[in-house]
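Just so you know, the sequence shown maps onto residues 1 to 381 in full-length UniProt numbering. Just so it is clear, CB atoms sit at the ideal spot from N, CA and C, and this is done for glycine as well. All values reported here derive from a predicted model rather than from experimental measurement. Worksheet for the structure shown next.
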Amino acid sequence: MPEPLPVSAVEGRELARLIRESFAEIEPKADELAQYFYGALFVVAPDCRDLFPVTMTTQRSRLLRALVYVVQMVDRPDELVTFLGQLGRDHRKFAVVSRHYDAVGVALIAALKRFLKEKWTPEVESAWTTAYGLIAKTMREAAQAETGPAAWSATVLEHRKLSRDVALVKVRTEGLLPYRAGGYVSVEVPQRPRFWRYLSPANSPRGDGQLTFHVRAVPGGWVSGSIVNHTKPGDVWRLGPSMGVLNVRPTSTKRRLLMIGGGTGITPLLAILDDLSHWKRNPPVHLFFGGKRPEDLYALDELRRMAATSKWLTVTPVTEEGALAGGDRGTLAHAVTQRDGWRNHDILVSGSPPMIQATVAKLLAKGIDLDRISYDPFTLD
Ligand SMILES: Cc1cc2nc3c(=O)[nH]c(=O)nc-3n(C[C@H](O)[C@H](O)[C@H](O)COP(=O)(O)OP(=O)(O)OC[C@H]3O[C@@H](n4cnc5c(N)ncnc54)[C@H](O)[C@@H]3O)c2cc1C
Ligand code: HEM
């Protein structure tokens with residue numbers, strides 16, 4: 001069990017308030033802030049430059065954006081601590097070392113001070129410094145305690161299209177990458193060095209080092225388009241350690257399961273279904289799989305085949321535009337919450353950050369207990 005973040009809920013709320021309010025003041029200038037932040041970082045620790053992609057114009061704000069997002073979450077210490085432990089272990093793949101955390105802290109504070117000007121009060125400074133310090137300490141300690149590999153090489157075995165814009169890629173790692181069905185890993189592909197992106201394996205671990213990913217080419221995306229259109233067998237990828245909180249344990253077979261997956265957010269749920277199909281006894285599962293149009297539900301045939309042979313699985317497709325036989329119309333949040341009877345279910349939600357937010361909010365409004373809902377809460381697109 002990770003050590004809890006040493007901040008009470010009340011202290012966390014006050015820190016988060018000061019951080020959010022001060023950041024809102026300078027958010028319109030986020031690009032300039034990011035430029036200043038990276039400039040300062042590369043002066044304070046020039047060796048950090050090599051950790052980042054060569055082309056940083058579109059990328060400039062990735063770390064800073066993530067950093068500000070995470071720091072603002074200091075009022076959720078219990079959830080944050082698990083995520084930060086995983087993030088710290090994951091950052092070893094960048095060759096981040098302990099002193100880099102001090103350099104990032106110095107650059108962050110210098111950039112905020114410069115842009116907040118007279119609004120940089122002692123309270124605001126103390127809130128940012130305290131929150132960053134707690135976060136960096138948790139990440140650093142988790143990284144230092146980890147003795148496993150920082151990353152795994154993986155050779156592409158197979159690449160094929162599942163639909164117009166989704167490709168399946170199967171890789172085999174050199175050495176076993178430990179992960180649980182429902183998790184995600186970060187991936188670097190040879191076509192885009194140093195651009196790491198998260199992907200969720202669609203299969204449960206089998207002990208043979210094989211992981212299957214489903215990747216959708218996002219319009220204008222740097223990495224996804226390259227994976228979908230240019231990956232070939234024999235390419236060597238690098239994978240970071242497993243992250244995430246979505247999973248089902250054999251102890252929970254008494255509970256019914258409700259799974260809600262949007263787009264390629266279905267992949268961790270496919271991995272969990274793959275895992276469940278090997279259990280002796282399964283909990284009943286109702287899966288809602290949603291997308292904008294019918295053609296976005298690229299895994300529906302596979303899911304329907306699985307449901308036809310697994311009595312414990314019910315699949316409901318959901319589309320916002322265009323109808324599907326046996327399907328619901330609307331958003332996933334709407335389709336799920338227009339039905340009752342979810343109170344005795346454990347609920348897993350997976351998809352884009354806005355889809356997760358909308359779905360979890362509607363479930364809570366329906367009176368479902370938050371403890372019953374699992375999702376990865378700190379993901380960015
Ligand atoms: C926990 C987690 C698990 C993930 N698992 C998978 C997975 O299994 N399969 C998969 O294909 N992707 C998955 N993703 C998304 C993936 O990590 C990348 O964000 C996505 O592939 C886009 O990367 P890119 O470099 O092509 O786009 P970028 O160059 O990073 O972004 C380009 C533009 O596209 C926008 N954009 C980014 N993502 C999306 C999106 N999903 N839809 C629409 N617009 C977007 C950005 O806002 C930006 O404007 C996952 C993300 C997270 C956080
Ligand atoms: C302590 C606070 C930190 C937090 C909360 C944090 C968080 C994050 C997150 C969430 C991402 C995005 C991951 C992704 O999209 O793949 C990221 C990316 C990254 N981080 Fe950190 N990080 C921290 C410190 C550091 C430090 C000290 C370094 C070393 C200089 C570092 C280097 C990087 C790099 C190189 C990237 C990838 C950037 C890119 O793709 O453009 N981070 N960080």
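Flag residue i as yes when its Cβ comes closer than 8 Å to any non-hydrogen atom of ligand 1, and as no otherwise.
i, result
"Asp376", "yes"
"Pro193", "no"
"Ser352", "yes"
"Tyr69", "no"
"residue 399", "Outside the displayed range of the chain (1 to 381) lies residue 399, so it cannot be described from this structure."
"Val156", "no"
"Pro205", "no"
"Tyr184", "yes"
"Trp128", "no"
"Pro190", "no"
"Gly265", "yes"
"Trp237", "no"
"His286", "no"
"Arg216", "yes"
"Phe289", "no"
"Arg261", "A small fix is needed here, since residue 261 is Gly in this sequence, not Arg. Because no heavy atom of ligand 1 lies under 8 Å away, the Cβ of Gly261 does not count as near it: no."
"Trp222", "yes"
"Thr379", "yes"
"Ser200", "yes"
"Phe213", "yes"
"Pro219", "yes"
Please indicate yes or no: does the CB of residue i lie closer than 8 Å to some heavy atom of ligand 2?
i, result
"Arg197", "yes"
"Arg255", "no"
"Arg76", "no"
"Arg20", "no"
"Tyr298", "no"
"Pro53", "yes"
"Val104", "yes"
"Ala335", "no"
"Ile227", "no"
"Leu63", "yes"
"Ile356", "no"
"Met56", "yes"
"Phe94", "yes"
"Ala45", "yes"
"Ile135", "yes"
"residue 451", "With the chain covering only 1 through 381, there is no way to say anything about residue 451."
"Ala36", "Just to set this straight, residue 36 is Tyr in the shown sequence, not Ala. No, Cβ of Tyr36 sits at least 8 Å from all heavy atoms of ligand 2."
"Leu15", "no"
"Leu87", "yes"
"Lys306", "Looking at the sequence itself, residue 306 is Met, so the reference to Lys does not match. It does not: the Cβ of Met306 is nowhere closer than 8 Å to a heavy atom of ligand 2."
"Tyr179", "no"
"Leu41", "yes"
"Leu84", "yes"
Grab the span of the beta strand (DSSP E) containing residue i for me, first residue to last.
i, result
"Thr319", "313-319"
"Ile347", "345-350"
For the alpha helix (DSSP H) that contains residue i, what are its first and last residues?
i, result
"Pro353", "353-365"
"Arg13", "9-26"
"Phe37", "30-44"
"Thr337", "332-337"
"Asp301", "300-309"
- Message: My parser needs the beta strand (DSSP E) runs of 3 or more residues fully inside the stretch 66-144; what are they?
- Response: Counting only runs of 3 or more, we get nothing.
- Message: Please give me, in chain order, every unbroken run of the beta strand (DSSP E) with length at least 3 that falls completely inside the stretch 245-295.
- Response: The qualifying runs are 256-262, 285-291.
- Can you list, in chain order, the stretches of the beta strand (DSSP E) that have 3 or more residues and sit fully within the UniProt domain "FAD-binding FR-type" (149-249)? Runs found: 152-161, 166-173, 185-188, 197-199, 210-216, 236-239.
- Query: Taking contact to mean at least 3 C-beta pairs separated by less than 8 Å, is the stretch 75-85 in contact with the stretch 214-223?
  - Reply: No, the stretch 75-85 does not touch the stretch 214-223.
- Please determine if the stretch 97-108 and the stretch 30-43 are in contact, where contact requires at least 3 C-beta pairs separated by less than 8 Å. The way I'd put it, the stretch 97-108 does touch the stretch 30-43; three or more beta-carbon pairs between them come closer than 8 Å.
- Query: Using 8 Å as the threshold, is the stretch 281-289 in touch with the stretch 261-273, meaning 3 or more CB pairs across them?
  - Reply: The stretch 281-289 vs the stretch 261-273: in contact.
- Query: At a cut of 8 Å, does the stretch 359-367 reach the stretch 206-217 through at least three beta carbon pairs?
  - Reply: Judged by Cβ distances under 8 Å, the stretch 359-367 makes no contact with the stretch 206-217, as fewer than three pairs qualify.
- Task: Inspect the CB distances between the stretch 240-253 and the stretch 333-342 and report whether three or more fall short of 8 Å.
- Result: When Cβ pairs closer than 8 Å are counted between the two stretches, the stretch 240-253 is seen not to touch the stretch 333-342, the count staying below three.
- Query: How do the stretch 4-18 and the stretch 126-135 stand: do at least 3 beta-carbon pairs fall below 8 Å, yes or no?
  - Reply: Yes: at least three Cβ pairs fall under 8 Å.
- Message: Using 8 Å as the cut-off, can you tell me whether the stretch 318-325 makes contact with the stretch 290-310, which would need three or more C-beta pairs spanning the two stretches below that distance?
- Response: Segments in contact, yes.
- Task: Taking 8 Å as the threshold, find out whether the stretch 174-184 comes into contact with the stretch 300-310 through three or more Cβ pairs.
- Result: Verdict: no, contact absent.
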